[in-house]
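Inspection log for the structure reproduced underneath, given as structure tokens.
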Amino acid sequence: DVKVTQSSRYLVKRTGEKVFLECVQDMDHENMFWYRQDPGLGLRLIYFSYDVKMKEKGDIPEGYSVSREKKERFSLILESASTNQTSMYLCASSPPDRNLREQYFGPGTRLTVT
Amino acid sequence: KQEVTQIPAALSVPEGENLVLNCSFTDSAIYNLQWFRQDPGKGLTSLLLIQSSQREQTSGRLNASLDKSSGRSTLYIAASQPGDSATYLCAVYTGTASKLTFGTGTRLQVTL
Chain R
50 DVKVTQSSRY LVKRTGEKVF LECVQDMDHE NMFWYRQDPG LGLRLIYFSY DVKMKEKGDI
110 PEGYSVSREK KERFSLILES ASTNQTSMYL CASSPPDRNL REQYFGPGTR LTVT
Chain F
15 KQEVTQIPAA LSVPEGENLV LNCSFTDSAI YNLQWFRQDP GKGLTSLLLI QSSQREQTSG
75 RLNASLDKSS GRSTLYIAAS QPGDSATYLC AVYTGTASKL TFGTGTRLQV TL
């Protein structure tokens, strides 16, 4: 079974703090994604990566950055956390088959910024 | 820009009923469509994936259909159970920027 793990289930941070969210997948997937999920807005793509050291902006990249130094690990960074970044953050990965693109999700990290 | 709509937003049914969840999308040029389940406060679990060349996929009591030309998909759940209570999300992959576009989901409650 594909396993996608996220470093924390719940996080509480203060405004202005630098926040790191970590995601690890164990199936050698090329593609990895970060989403945020908010009531009424659904899932929105923040950033994705299709290879080590490669990254692409999604729909809402402002205020975020990412790092992919190893194939299995994709990190989301909030350089200076703000209250409007309080949300559920979901990481996903997908296999290299370009015609398949079935995405596998981690359990999510609920981040609260106070 | 692809938009995905799910109707209804919420649904409550008694145990044992068969039910249909609907998903529509505006751009029919999709590679595949995926149905997910999400339990409260949890991540997404993939239920079914339908390639653009397929008409339907089945897994146990679940059957998903796809009509690409009309921009519609349905998820049929047979003999519903309380354990089916969750939010169901559909998402389409258009091959653009490798991303899925999600609907906002249907929250299903199956009552005893």
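As they're listed, the protein sequences go chains R and F.
Sequential numbering from 50 applies to the first sequence in the numbering used here.
Sequential numbering from 15 applies to the second sequence in the numbering used here.
A virtual CB, placed ideally from N, CA and C, is assigned to each residue, including glycine.
8 Å Cβ cutoff, residue i in contact with chain R
i	result
F/Thr118	yes
F/Leu76	no
F/Leu63	yes
F/Gln68	no
F/Lys82	no
F/Asn35	Looking at the sequence itself, residue 35 of chain F is Leu, so the reference to Asn does not match. No, no contact with chain R.
F/Leu122	no
F/Leu114	yes
Same chain only: Cβ atoms within 6 Å of residue i, ignoring 5 sequence neighbours per side
i	result
R/Arg159	Tyr59 and Met137
F/Thr125	Pro28
R/Phe82	Phe97 and Ala141
F/Asp53	Ala100
R/Pro145	Glu79
F/Thr59	Arg51
R/Arg122	Val73
F/Ser67	none
Three-way DSSP call (helix, strand, coil) for residue i in this model
i	result
F/Gly97	helix
F/Thr120	strand
R/Asn133	helix
F/Ala92	coil
F/Ile21	strand
R/Lys52	coil
R/Leu90	coil
R/Pro145	coil
R/Asp77	coil
Residue closest to residue i, alpha-carbon to alpha-carbon, out of the options
i	options	result
F/Asp81	F/Thr115, F/Gly30, F/Ile91 and F/Tyr45	F/Tyr45
F/Cys104	R/Thr163, R/Gln152 and R/Ser114	R/Gln152
R/Tyr96	R/Ser116, R/Pro88 and R/His78	R/Ser116
R/Val101	R/Lys120, R/Trp83 and R/Val68	R/Lys120
R/Pro110	R/Glu128, R/Glu118 and R/Tyr99	R/Glu128
F/Gly97	F/Arg75, F/Gly117, F/Thr115 and F/Lys113	F/Arg75
R/Asp13	R/Ser57, R/Ala130 and R/Phe154	Only positions 50 to 163 of chain R appear in this structure, which leaves residue 13 of chain R out of reach.
F/Leu122	F/Lys56, F/Glu17 and F/Ala23	F/Ala23
F/Ile21	F/Thr108, F/Thr115 and F/Tyr102	F/Tyr102
F/Lys113	R/Asp77, R/Phe69 and R/Lys106	R/Lys106
F/Gly55	R/Thr163, R/Ser143, R/Leu70 and R/Leu139	R/Leu139
R/Leu125	R/Glu118, R/Pro156, R/Glu71 and R/Arg63	R/Glu71
CB contact below 8 Å: residue i versus chain F
i	result
R/Pro110	no
R/Glu118	no
R/Pro156	yes
R/Glu121	no
R/Glu36	The requested residue 36 of chain R is not part of the displayed model; chain R covers only 50 to 163.
R/Tyr153	yes
R/Leu127	no
R/Gly164	No information on residue 164 of chain R is available, as it lies outside the stretch 50 to 163 that chain R covers here.
Classification of residue i by the beta-carbon crowding that lies within 10 angstroms, buried from 16 upward
i	result
F/Ser94	buried
F/Phe116	buried
F/Val34	exposed
R/Leu90	exposed
R/Val61	exposed
F/Ser83	exposed
Spatial neighbours of residue i in its chain, beta-carbon cut-off 7 Å, leaving aside the 5 residues before and after
i	result
F/Gly30	Ala93 and Ser94
F/Leu61	Trp49, Phe50, Arg51, Ser73 and Leu76
F/Gln16	Phe39, Thr40, Asp41, Val106, Thr108 and Thr115
R/Gly65	Ser129 and Ala130
F/Gly85	Ser38, Phe39, Thr40 and Ser42
task = With 9 Å as the C-beta to C-beta threshold (strictly closer), list the residues of the stretch 43 to 60 of chain F near chain C in chain order.
result = Among the protein chains of the structure shown, namely R and F, there is no chain C.
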